[in-house]
Amino acid sequence: MAAAASANKKLIQFLVITLIAVIIALVPAPEGLEQVAMRYTGIFVWLILSMSFRVFPEYLIVLIALSAMLVFKVGKAEEVFAQFTSATLWQIITILALASAIQKTTVLTRVTMRIQRLFPLTYNGQVAALMLTTLVMSLMIPSVYAKIMILAPLALGICESANFEKSSKPAAGLFCAMFVTSFILSNGFITGNSNVHVMMAFANTTFSFMEWIKITWLWTLIMTVGTYLFIITFYRPQEPLALDAGYIQEQIDKLPPMDEKDKKAAVIIGLSLLLWMTESFHGISALAVTLMAYCAFAALGVVTPEEFCTKIDWKLVVLIGGILSIAGFISPLGIATYVANILGSYAANLVNNVWVFIPVLATLVFLARFVIVSQIGTLTIFIAVFQGLVVPMGYHPLIVVFCANMIIQLWATDYNNVLIKPAYAITKNRMVVHRDVAPMAYALFVLSIIAYMASIPLWQTLGLIP
425 MAAAASANKK
435 LIQFLVITLI
445 AVIIALVPAP
455 EGLEQVAMRY
465 TGIFVWLILS
475 MSFRVFPEYL
485 IVLIALSAML
495 VFKVGKAEEV
505 FAQFTSATLW
515 QIITILALAS
525 AIQKTTVLTR
535 VTMRIQRLFP
545 LTYNGQVAAL
555 MLTTLVMSLM
565 IPSVYAKIMI
575 LAPLALGICE
585 SANFEKSSKP
595 AAGLFCAMFV
605 TSFILSNGFI
615 TGNSNVHVMM
625 AFANTTFSFM
635 EWIKITWLWT
645 LIMTVGTYLF
655 IITFYRPQEP
665 LALDAGYIQE
675 QIDKLPPMDE
685 KDKKAAVIIG
695 LSLLLWMTES
705 FHGISALAVT
715 LMAYCAFAAL
725 GVVTPEEFCT
735 KIDWKLVVLI
745 GGILSIAGFI
755 SPLGIATYVA
765 NILGSYAANL
775 VNNVWVFIPV
785 LATLVFLARF
795 VIVSQIGTLT
805 IFIAVFQGLV
815 VPMGYHPLIV
825 VFCANMIIQL
835 WATDYNNVLI
845 KPAYAITKNR
855 MVVHRDVAPM
865 AYALFVLSII
875 AYMASIPLWQ
885 TLGLIP
């Protein structure tokens with residue numbers, strides 16, 4: 425009965441959204457636009473609304489939108505699917521592949537535990553250990569899931585050993601230390617999160633490992649220190665953490681000896697990290713290094729051919745490639761210029777003052793996420809509206825993308841972050857429920873604005889802001 429009611433609801437939503445899209449597509453094009461731009465706008469609105477109401481899985485929504493672009497002659501096949509041959513999408517594919525290969529080994533688990541051993545067995549010490557080990561892993565592995573799967577047993581083990589109950593503040597704090605660093609702070613490294621390459625694609629630019637560090641180091645520092653201080657203050661336990669002095673060493677002793685695959689993986693990871701960090705010296709792109717690293721894993725038998733098919737999230741590849749392809753029509757069809765001309769007179773004062781524009785942009789994005797469920801849909805909307813306004817004034821396209829996207833990742837509600845619920849499950853649902861970690865999202869919103877504002881002089885020095 426419930427399933428039938430849900431199906432009927434989805435059908436009604438689909439029909440209403442499609443009707444809205446058809447009406448938009450048939451509206452005569454205003455001066456400055458051609459009718460093909462209206463057909464595109466109808467498809468674009470259908471895409472965003474369908475994602476927001478989750479009419480279908482996101483990858484399927486994108487495939488339908490791509491099909492509509494062809495059927496209604498918005499573009500030729502080579503234009504509609506242009507991003508599927510781009511270096512950006514191949515960077516994401518190789519990142520997902522490499523992450524799946526690294527995850528098969530115990531190398532990062534060993535690194536994590538040895539770093540933890542250096543910290544005191546206090547609550548503050550273990551929060552710092554979880555955050556630092558995640559940042560270290562972000563130098564080597566871009567998969568958020570992989571990092572969480574390595575760290576979740578450690579965080580859960582600390583909770584259970586210290587007798588922290590589910591939904592207690594200290595349990596929520598340990599979860600946040602693991603999740604925030606894996607999901608948000610990892611964006612400070614080009615190798616830390618596949619989301620970085622999505623942002624560069626939306627900004628239509630690329631950066632080397634060290635160039636990205638120059639842009640994000642201050643943001644990463646402020647967000648990391650602020651997150652740590654919030655966790656040890658807001659989520660601190662009433663009683664001191666009671667862990668046995670040999671707890672971490674016991675976890676290390678439980679690991680099996682390093683086998684041949686682990687040793688091969690350690691060498692590959694080490695060489696890859698060195699090449700990523702020195703790209704500006706040798707000129708070998710991060711894409712080439714990542715691809716060579718995965719090929720080495722496969723050639724040495726660490727991964728199998730079947731795992732290339734089963735361990736890579738191909739739905740995510742389709743989703744990102746499709747969204748980037750669809751969004752790529754906004755400027756060629758004149759829509760970005762049209763929107764900029766309409767909003768220009770109203771938004772001039774806002775955009776002219778970067779100290780006002782960036783916090784206002786962040787606030788608008790944060791509020792929009794209460795209504796727009798889709799993360800990538802929200803990003804696409806804000807890029808469509810604001811990039812056409814700010815880029816002609818000397819802003820680098822990355823500024824809008826980065827400042828919007830970091831806010832989009834937050835989880836003020838339980839329905840607007842696609843990764844946090846799987847993270848609950850990875851901890852066996854024994855640490856937190858959503859209300860326990862929602863305060864962290866609000867804290868990150870405030871910290872983000874502080875970090876953005878502090879970074880403005882740096883970004884101006886780098887030529888990203890006029």
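Letter by letter, the sequence shown follows residues 425 to 890 of this note's numbering. Think of the CB as a built atom: it goes at the ideal place given N, C-alpha and C, for glycine as much as any other residue. Note that the structure is predicted; figures quoted are calculated from it, not measured.
What do you reckon, are the CB atoms on Y464 and F806 nearer than 8 Å?
-> Not in contact: Y464 and F806 (Cβ atoms no closer than 8 Å).
Secondary structure of P452, DSSP reduced to three states = DSSP places P452 in coil when its eight states are reduced to three.
By how many angstroms is the C-alpha of N777 removed from the C-alpha of Y569?
-> The straight-line gap separating the alpha-carbon atoms of Y569 and N777 is approximately 38 Å.
Span separating the alpha-carbon of M624 from that of I736 | Between M624 and I736, the C-alpha separation is close to 21 Å.
Answer yes if the segment 818-829 comes into contact with the segment 572-579, meaning at least three C-beta pairs across the two stretches below 8 Å, and no otherwise.
-> Contact check between the segment 572-579 and the segment 818-829: fewer than three CB pairs, one atom from each, fall below 8 Å, which does not count as touching.
Would you kindly report the start and end of the unbroken alpha helix (DSSP H) that includes R859?
-> 858-885 is the span of the alpha helix (DSSP H), which, as asked, contains R859.
For T512 and T695, the rounded distance between their alpha carbons = Reading off the sequence shown, one finds Leu at residue 695, where the question assumed Thr. Looking at the two C-alpha atoms, the distance is approximately 22 Å.
Below 8 Å between beta carbons: does that hold for L522 and T714?
-> Yes.
Excluding sequence positions up to five away, which residues of its chain have a Cβ less than 7 Å from the Cβ of I850?
-> Within the same chain, I572, M573, A576 come within 7 Å of I850 by CB-CB distance, once the 5 residues on both sides are set aside.
The segment 586-600 / the segment 622-636 touching (three or more Cβ pairs under 8 Å) = The segment 586-600, when compared against the segment 622-636, does not touch it at the 8 Å Cβ threshold.
Under the three-state DSSP convention, the category K735 falls into = Three-state DSSP puts K735 in coil, outside helix and strand.
Report the option in D677, P863, L435 whose CA atom is closest to the CA atom of T651.
-> If we check each option's Cα against that of T651, P863 comes out closest.
Reduced DSSP category for I782 - H, G, I as helix; E, B as strand; rest coil = In this structure, I782 counts as helix in the three-state DSSP scheme.
Would you say T892 and G812 are within 8 Å of each other, going by their C-beta atoms?
-> This structure does not reach residue 892, given that the chain is present from 425 up to 890, and the question cannot be answered.
Within this structure, are the beta carbons of L892 and A867 separated by less than 8 Å?
-> Residue 892 lies beyond the residue range present for the chain, which begins at 425 and ends at 890; the question has no answer from this structure.
Whole angstroms is fine: what's the gap from E674's alpha carbon to Q550's?
-> Straight-line Cα distance between these residues: approximately 16 Å.
Would L487 pass as a contact of V742 if the rule is Cβ separation under 8 Å?
-> Cβ distance < 8 Å, so L487 and V742 count as in contact.
By DSSP, does P686 sit in helix, in strand, or in coil?
-> A small correction: the amino acid at residue 686 is Asp; Pro does not occupy that position in the sequence shown. Note: D686 maps to helix in three-state DSSP.
Can you give, in chain order, each stretch of the alpha helix (DSSP H) that sits fully within the segment 532-568 and has at least 4 residues?
-> Correct list: 547-562.
Assign P664 to buried or exposed, taking buried as 16 or more other Cβ atoms, counted over all protein chains shown, within 10 Å of its Cβ.
-> By the neighbour-count rule (16 or more Cβ atoms within 10 Å), P664 is not buried but exposed.
Simplified DSSP assignment, three categories, for P577 = DSSP places P577 in helix when its eight states are reduced to three.
Hey, how far is the Cα of L739 from the Cα of I565?
-> For the sequence presented, residue 739 should be read as Lys rather than Leu. Cα atoms of K739 and I565: separation of roughly 20 Å, rounded to the nearest angstrom.
Going by CA-CA distance only, name the one from M830, A808, R538 that's closest to A786.
-> For the residues M830, A808, R538, the minimum Cα distance to A786 belongs to M830.
State the CB to CB distance for the pair I614 and F631, rounded to an integer number of angstroms; the pair is presumed to be in contact (CB under 8 Å).
-> Confirmed, Cβ separation roughly 7 Å.
Rounded separation between I782 and N765 - CA only = Roughly 20 Å separates the two Cα atoms.
Please classify A771: does DSSP put it in a helix, a strand, or coil?
-> A771 sits in a helix when the DSSP states are folded into three classes.
Could you tell me how far apart the beta carbons of T605 and T657 are, in whole angstroms, since I believe they sit closer than 8 Å?
-> Incorrect: roughly 17 Å between the Cβ atoms, too far for contact.
Let me know the secondary structure DSSP gives Q662 once reduced to three states.
-> It is coil, neither helix nor strand.
So what's F508 in DSSP terms, helix, strand or just coil?
-> Helix.
On the three-state DSSP scale, how would you describe V495?
-> V495 falls in the helix class under three-state DSSP.
Buried or exposed by the 16-neighbour rule on C-beta atoms within 10 Å, applied to N412 = Any answer about residue 412 is impossible in this case: the structure gives the chain only from 425 up to 890.
Mapping DSSP to helix, strand and coil, what is M855?
-> Correct three-state label for M855: coil.
Residue from L871, I832, P881 whose Cα sits closest to the Cα of V649 | The closest CA to that of V649, considering only L871, I832, P881, is found on L871.
Three-state class that DSSP yields for A429 in the structure shown | Looking at A429 - three-state DSSP - the assignment turns out to be helix.
Can you tell me where the alpha helix (DSSP H) with H706 in it begins and where it stops?
-> First-last of the alpha helix (DSSP H) with H706: 703-706.
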